[in-house]
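The sequence shown begins at 2 in my numbering and counts up by one. Just so it is clear, CB atoms sit at the ideal spot from N, CA and C, and this is done for glycine as well. Quick caveat: nothing in here was measured; it's all calculated off a predicted structure.
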Amino acid sequence: MTNADRPSLSGDETLELPEFDAPPAAPLPLAQRWLADARERGVSEPLSMTLATASADGVVSARTVDVKRIDERGLVFGSSTRSPKGRQLGENPHAALQVYWRETMQQLRFEGRIETLTDAESDALFADRSPKSRAATAVAQQSVPFADASTLAALIEEADGMLDRFGDDVPRPSDWVAYRVVPATVEFWHGSRDRMHRRLRYVAIGHGWRAERLQP
């Protein structure tokens, strides 16, 4: 089989998606429905998304983050304000999120401004993490270089000490906050092996949305 003969996409291209023909009024309820359907169809880690940020001088970075939820205002995730992404979000409070579900050949894209949520909302999001995850976050300085394996071993020991001390109530570090991407544009994409992909984009207009179909 030559490269030209190999299918470039895999997954289910036969989904019934009437929204491409009759778009609903707003994109976020549709994104919530896509997410619920993805879970029912067995999509692995449907909220593991690529987050793109940029510094004040336009240097772009991207990484995978665990989005915690899609709500009526946007997409919520947590991070340290001292991490590279946290610093970039402080300098330039705009971001893009993208996820591709291989199993269903669906992609979602969100672009918009960043909101930093309240301490109470950040506390609630942090408390929703596992105790081990909270302890690791509390002791580590995300993305700071270290010299050798002994540093990592010391961090593991410190995290174990946090668990011994606080149990399930490891407190949230002051630099760890909840963020929300409030989208100005949202795109829904469903792939097709004949390359005639279906695309639907929403653009925020005032207090509403304009839906527009895009060519492949």
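- [ ] Would you mind stating whether V178 and T82 have Cβ atoms separated by less than 8 Å?
- [x] yes
Task: Opening and closing residue of the alpha helix (DSSP H) in which A185 lies - done: Where A185 is concerned, there is no enclosing alpha helix (DSSP H), although the beta strand (DSSP E) around it starts and stops at 177-191.
TODO: Please classify R135: does DSSP put it in a helix, a strand, or coil?
DONE: helix
Task: Span of the beta strand (DSSP E) around E213 - done: 209-215
- [ ] Please report how far the alpha carbon of S175 lies from the alpha carbon of L215, in whole angstroms.
- [x] 43 Å
Open item on the list: Starting from M50, trace the beta strand (DSSP E) in both directions and tell me its first and last residue.
Closed with: Run containing M50: 49-55, per the beta strand (DSSP E) assignment.
Task: Short Cβ contact (8 Å threshold) for A63 with L76 - done: no
Task: Beta-carbon gap between G113 and V66 smaller than 8 Å - done: no
TODO: Kindly indicate which residue of T105, L109, A136, N93 has the alpha-carbon position closest to the one of E116.
DONE: N93
Open item on the list: Is the separation between the beta-carbon of L126 and that of K69 shorter than 8 Å?
Closed with: yes
Task: Nearest to G192 (by Cα), restricted to the options W102, E73, D22, A39 - done: W102
Task: For G79, the residue or residues it bridges with in DSSP - done: Secondary-structure assignment with DSSP links G79 through a beta bridge to A179.
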